[in-house]
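Residue numbers (our numbering): 3 to 533.
Positions of the beta carbon are idealized from the N, C-alpha and C atoms, including for glycine.
Because the structure is a prediction, the values reported are computed rather than measured.
This report refers to the structure that appears directly beneath it.
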């Protein structure tokens, strides 16, 4: 007789989810027992690392991923990156073991007291099945919930004694749509406003990349002869950054963002919140006289926008529909922005010099995963992303995501057969949040190259302290971290890099290697401005 465990693995097969990310614990062992030969277990050394690997894998593969955590403590370990998965809109099925049902009343060791409440509010749905036989159908419902817009993580708490119980007949396979078209009446209204605008501007967000809509986004910008900004603090690149219409990334503060949009009468925001702010700098949300139109597939984003009129719809489908309805503008295209100034080569390198060197040696089809908040402005200034699905970071602002996410992305590149080279830029502070991810990369023989700008400080926090006039904050310096020794201990190739030419040679070698490569680069300790 088939067991609940047998039936659940069959459901996962029908969903194409034969990779499990996790770190095994006692409450998960009955699920993992006699692990099927057609499944793959990606072993992380800590649950936060497992969640971020699954997130990177799901984003790069375009499919939902499964991550298996260890009851309440493991879910707690994974929560930081679960918050990021929520903000990244990444479809994840997160399962966690639960203690034996017969003992739950006693709250034994490793029982999760309120399992469905623990991951809230950063999951779309959380459930502990009322009976063992409900698990396979719960997995199907979890998948349907995770992939529908706005995509995101879901959570299942699964008692460890359920797996051996006899199963009901398998639930019927079913599918759900993951895109929806905009309301025709409001779409026509948006098109009329854009067509009658004297000086429109487009603000594209990560939803444009998630929906595979770069060509349509470019076509609409050219049709309108409009400049294009990236929405502030984007977790994905949204437009070819070498295109003459592209202006850069908007600042993530109220007053400066409105100032950047001054002179435009219509602001069309597609696939992003209105807006993602970080430091509080007061001002109007828009310049005087401007009207904002907002396209999103997330009702919550539409509800919380402080200004503008919102239209619910898939970003790609909506862009295509607008393109059909908006006539070509009778005005010249915007002038291209200036190329970045070549930085001076100093010892140690400035952040701009480091990233100019990285850009000079960047592989044509490279994928960048970044988590270097204090150096992000220099990175985006010097290295321009020109292909879709080629830039990933955390939307949440929480550290510990970039390094394991890069490993998930690299694994997806291998599995898909695309084989694009993956480079992570991870600050020396961020590096230590999830450094154990290197062990998994080494075990999987993934040729990820990790460039670590070393400034021995949390420079972004020093910048924030300067902006907010909060001197004397402790714990902002990071002396005595031996990145070379740590990386070697996890099985990585490693080399301290001090010049752009040395970086180019080490990058080329690392991308051909059969293991990860970590390249610490000492940089200037100057604290950049937060805005």
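Which of helix, strand or coil DSSP assigns to residue i
i	result
residue 127	coil
residue 378	helix
residue 101	coil
residue 346	coil
residue 457	coil
residue 552	Any property of residue 552 remains undetermined from this structure, which presents the chain solely from 3 to 533.
residue 20	coil
residue 143	helix
residue 514	coil
residue 47	coil
residue 311	strand
residue 110	coil
residue 351	strand
residue 522	strand
residue 29	helix
residue 5	strand
residue 115	coil
residue 186	helix
residue 238	strand
residue 168	strand
residue 161	strand
residue 278	coil
residue 34	helix
residue 193	helix
residue 61	helix
From the options, residue whose alpha carbon lies closest to that of residue i
i	options	result
residue 165	175, 401, 34, 445	34
residue 148	107, 222, 67	67
residue 209	275, 176, 192, 201	275
residue 479	458, 188, 498, 462	458
residue 94	24, 299, 483, 261	24
residue 146	175, 359, 529	175
residue 54	101, 468, 373, 311	373
residue 407	60, 170, 310	60
residue 133	110, 498, 158	158
residue 44	31, 36, 26	26
residue 169	404, 3, 18, 281	3
residue 181	467, 387, 152	152
residue 385	288, 403, 366, 465	366
residue 391	339, 107, 243	243
In DSSP terms, what residue i is bridged to
i	result
residue 177	For residue 177, which the question treats as bridged, DSSP gives no partner whatsoever.
residue 372	427
residue 231	205, 250
residue 479	459
residue 296	271, 312
residue 95	68, 156
residue 320	Beta-bridge pairing links residue 320 to no other residue.
residue 42	21
residue 496	520
Neighbour-count burial assignment, residue i, 16 or more Cβ in a 10 Å radius
i	result
residue 472	exposed
residue 418	exposed
residue 343	exposed
residue 475	exposed
residue 305	exposed
residue 278	buried
residue 178	exposed
residue 111	exposed
residue 357	buried
residue 187	exposed
residue 126	buried
residue 116	exposed
residue 466	buried
residue 100	buried
residue 20	exposed
8 angstroms Cβ cutoff, residue i in contact with chain C
i	result
residue 363	Note that chain C does not occur in the displayed structure, where there is just one protein chain.
Closer than 7 angstroms: residue i CB and nearest the ligand NAP heavy atom
i	result
residue 359	The model on display carries no ligand, and the ligand NAP is accordingly not part of it.
Please go through the region 381-465 and give each complete beta strand (DSSP E) segment of 3 or more residues, from N-terminal end onward.
424-428, 451-456
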